[in-house]
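*Asks:*
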């Protein structure tokens, strides 16, 4: 039995996941982000520094450890930020700053499984970290790179990358006269789940605002725009604070920096209700929602830390964003919305005229592979009809028939159309889309059937 | 602190590992092997079925589980064969047989760390599994594919893939008249560590052979050859058994099938002392040794199982081989024998004439990326000498200087040679070897310095 909360993909689904990971990696690397992996296990001291989610940590114990007290003091990482911060402190002397890294790994949380929540899931994180100072333009860079990476997943439902800025909202709350801006933030953060009227009441009761102040904070939270026009709308509310000014400038710079992104795939918007209340962000914050899957919440979140890591002497500010790959893909798999054109890499099945011809069929397959065409040889010299059905069951699009009589050329058949033609192993090339498995969506499927 | 036994790679080392994994994957996929991953955790029932290594299993426990008895019943997988066997049984209805898969994942063992032994390490496995019957030619295929994959790692010290056949040795021992062929196998397996004279004594004492029988078994174990000439040498020993005949035929077929492999990189040999005593192989067995690193033992092992998995009604025979990626690479990293040309993907640093030019430098970088050239933009508009040193510290080979005055063209400098030339972002292309990080060996390093 598969273990509850530990998703397991069938080969065609895994083919989709590989395409997703390859495209993410490609965009990250083109932007100069270096790959990094950290061990699955960290010391519990490291893992529990943050505190809020300690109960979700899986602790490791050797099966035949002498007694309970001999636990290893190790736990599985539950995100990639805590291990990265530890990595930066530990290897600072071997790194050049600012340091760009991407990290695509599984993480584990001992949560109760439910849709969109898994005990094992893959995250794809990008971060830029510096020593002492990290220029603001890296916030823009992180938004651009992740928007471009998400845009490369052109088979997903439309996505919306929502950006806000903690300085902006904190400055606004201070300008309004809120005695505890953090309390306002935590209440506003509930707007996704709680009606605005109830939030207004809580702002008065829990954040000590008067009704006018609460009204202004709610008006701020309602502002969204796809460009920097949000600035004028905030100004219209008549609130003044220097932190607000800086936050508005920063958020406008992120929006301007993303103006070249293809908005039909990934809409980038300023969304002034986004706060990421429980995380320690200090400036830019990101969330991402997938159209039609809003109940999943944010599938890609992050922001700016003024102190991603610190050893007491040196502080390492950082900005990053983390994509929940499993969280994104599993609901699509479960709805049958995504699959691959085939579950095997093979583009060609080389047929076997008879068992003695195996070396020759192997030679043909090897010649195709040398030209980057994945190929396998038939398992046995059954009738050709059976060999073709073998290819069909695997979704292999082409069957190669070696010439049998002296002087006969080889033939290749597209088993989808039935078209067959003479072919030379040194030059025949399938259309690019047939070379490797491709992602198909439910709509593609519907059109083809 | 990094946790003992959990290796952590710096960016340049990780770049080497990625190149290794990419090349392995490429060969596996060209041969039609589909990617698969299984969860890190399996039920303890599954993990403990084999028995011998149960004490190495890491058990998972939620940190705030109510008491010790509420352990999850889950442990981390310690190899990729046990999870694959479980996967095959569980998903048999969704798979087409014979089923070829590759699986590249980390595995965990709670062993005492020592050189060549890690608590977390990456394995790369290929297996072919069938329902009821798996034709022998798949044994040849597995040897060919892994030899080709190892050969693609052309920066490694020379490797030797050693092949034997359990039927051959069991048939020989039976033909000699051994009362317990398994006992002979277990004693012969010690030849790597124990002198031949001592093994001869043990064959008499522990395997109940007489001296003539023991001598014949030792003579068999000494036979090696790079082609099928071993058959004649076995025949000269005058032992007859039908199982021996079948084993000789099979082993000769594997050697013949590997005759096209480039022997300068991966020598394939019949080696009649290889037994893999503790594993449940039934025919072909594989081990692999790396020249100069013999003390590591076998870095790539496997063989044929007549029953990889069984649900009582259906039996799934399989043949596979498992490469210890971490075990292979870590000793080379520790000796400084392998590194990458640079720790970052960027081939180009786009310089910044002044801070106002950032959008223009971003546009240049984006145009390079669109042509598959990884690029990053300078962090700040320092003097060009400082920007060049920034690139040098990262090993980025090219710095791109945007033209400043109207009508000025852009320039690109190879900062290794100092050569600089006008360049057009729409057509300039670096040499292929500069496009992505490459592996360099200690010898390359010595030649260049």
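Chains as they are written, first to last, in our numbering: chain W, 1 to 449; chain P, 1001 to 1449.
The beta-carbon is built from N, C-alpha and C at its ideal position, and this holds for glycine as well.
1. For residue 438 (chain W), name the three-state secondary structure that DSSP assigns.
2. Please work out which residues of its chain come closer than 7 Å, Cβ to Cβ, to residue 966 (chain P), disregarding the five sequence neighbours upstream and downstream, and give them in chain order.
3. Rounded to whole angstroms, what's the CA-CA distance from residue 118 (chain W) to residue 4 (chain W)? Just pull it up for me.
4. Determine whether the Cβ of residue 1006 (chain P) lies closer than 8 Å to any Cβ atom of chain W.
5. Beta carbon of residue 1268 (chain P), beta carbon of residue 1274 (chain P): below 8 Å?
6. I think residue 381 (chain W) touches residue 346 (chain W), with their Cβ atoms under 8 Å apart; what is that distance to the nearest whole Å?
7. I'd like to know whether the C-beta atoms of residue 159 (chain W) and residue 266 (chain W) end up nearer to each other than 8 Å.
8. For the candidate residues P:1249, P:1309 and P:1122, whose alpha-carbon lies nearest to that of residue 1024 (chain P)?
9. Does chain B have any CB closer than 8 Å to the CB of residue 16 (chain W)?
10. Below 8 Å, how does it come out for the stretch 1171-1179 of chain P and the stretch 1230-1243 of chain P: are there three or more Cβ pairs, yes or no?
11. With 16 as the cutoff for other CB atoms within 10 Å, does residue 77 (chain W) come out buried or exposed?
12. Can you check which of these residues, W:197, W:202 and W:253, is closest to residue 183 (chain W) by C-alpha distance?
13. Would you identify the three-state DSSP class for residue 300 (chain W), choosing helix, strand or coil?
14. Check whether chain P comes within 8 Å of residue 375 (chain W), counting only Cβ atoms and requiring the distance to be less than that.
15. Here's a check: name, in chain order, each residue in its chain whose Cβ is nearer than 6 Å to the Cβ of residue 401 (chain W), leaving out the five neighbours to either side.
16. Can you list the residues of chain P that residue 10 (chain W) reaches, using a CB-CB cut of under 7 Å?
17. Tell me which residues of the stretch 1127-1140 of chain P have at least one Cβ-Cβ distance to chain W shorter than 7 Å, keeping chain order.
18. If you follow the beta strand (DSSP E) that residue 1398 (chain P) is in, where does it begin and where does it stop?
19. Among W:316, W:200 and W:56, which has the Cα closest to the Cα of residue 217 (chain W)?
20. Which runs of the alpha helix (DSSP H), 4 residues or longer, sit entirely within the stretch 31-108 of chain W?
21. Indicate the three-state DSSP secondary structure (helix, strand or coil) for residue 1001 (chain P) in the structure shown.
22. Using a cut-off of 8 Å between C-beta atoms, extract the partners of residue 1106 (chain P) located in chain W.
23. So, are the CB atoms of residue 1006 (chain P) and residue 83 (chain W) less than 8 Å apart?
24. Starting from the C-beta of residue 37 (chain W), find all residues in its chain whose C-beta is less than 7 Å away, skip the five residues before and the five after it, and write them out in chain order.
25. Which two residues bound the contiguous alpha helix (DSSP H) that contains residue 1231 (chain P)?
26. Look at the alpha carbon of residue 70 (chain W) and the alpha carbon of residue 63 (chain W), and state the distance between them as a whole number of angstroms.
27. Confirm, please, whether the CB-CB distance from residue 1251 (chain P) to residue 1163 (chain P) is below 8 Å.
28. Where residue 135 (chain W) and residue 110 (chain W) are concerned, what is the direct C-alpha to C-alpha distance, given to the nearest angstrom?
29. Who pairs with residue 1121 (chain P) in a beta bridge, going by DSSP?
30. Between the alpha carbons of residue 422 (chain W) and residue 1140 (chain P), how many angstroms are there, rounded?
31. Under 8 Å between the Cβ atoms of residue 1107 (chain P) and residue 1079 (chain P)?
32. To the nearest whole angstrom, what separates the beta carbons of residue 426 (chain W) and residue 367 (chain W), a pair I think is in contact under 8 Å?
33. With a threshold of 7 Å on Cβ separation, who are the neighbours of residue 1112 (chain P) within its own chain once the five nearest residues in sequence on each side are excluded?
34. Could you check whether residue 1394 (chain P) and residue 96 (chain W) sit closer than 8 Å to each other, using their CB atoms as the reference points?
35. In this structure, does DSSP put residue 367 (chain W) in helix, strand or coil?
*Replies:* By the coordinates alone:
1. coil
2. Summary: the structure shown does not reach residue 966 (chain P), with chain P confined to residues 1001 through 1449, and so no result is reported for it.
3. Cα to Cα, residue 118 (chain W) sits roughly 9 Å from residue 4 (chain W).
4. Chain W contact via Cβ: present.
5. no
6. Not really, about 18 Å apart at Cβ, beyond 8 Å.
7. yes
8. Out of P:1249, P:1309 and P:1122, P:1122 has the C-alpha closest to the C-alpha of residue 1024 (chain P).
9. This model lacks chain B altogether; the protein chains it does include are W and P.
10. yes
11. With 16 or more other Cβ atoms within 10 Å, it is buried.
12. Of W:197, W:202 and W:253, the residue nearest in Cα terms is W:202.
13. strand
14. yes
15. 351 and 411
16. 1091 and 1094
17. Result list: 1135 and 1137.
18. 1398-1401
19. W:200
20. As far as the stretch 31-108 of chain W is concerned, its whole alpha helix (DSSP H) runs of at least 4 residues are 44-47 and 81-91.
21. Caution is warranted here: a pLDDT of 49 is assigned to residue 1001 (chain P), below 50, making its placement in the model unreliable, and the coordinate value is therefore given only provisionally. It is coil, neither helix nor strand.
22. 40
23. no
24. 103 and 105
25. 1230-1236
26. With a pLDDT of only 49 at residue 70 (chain W), under the threshold of 50, the placement of this residue in the model should not be trusted, and no figure is reported.
27. yes
28. 37 Å
29. P:1107
30. 30 Å
31. Between residue 1107 (chain P) and residue 1079 (chain P), the gap from beta carbon to beta carbon is short of 8 Å.
32. That belief holds up - the Cβ atoms of residue 426 (chain W) and residue 367 (chain W) are roughly 7 Å apart, short of 8 Å.
33. Same-chain partners within the cutoff: there are none.
34. yes
35. helix
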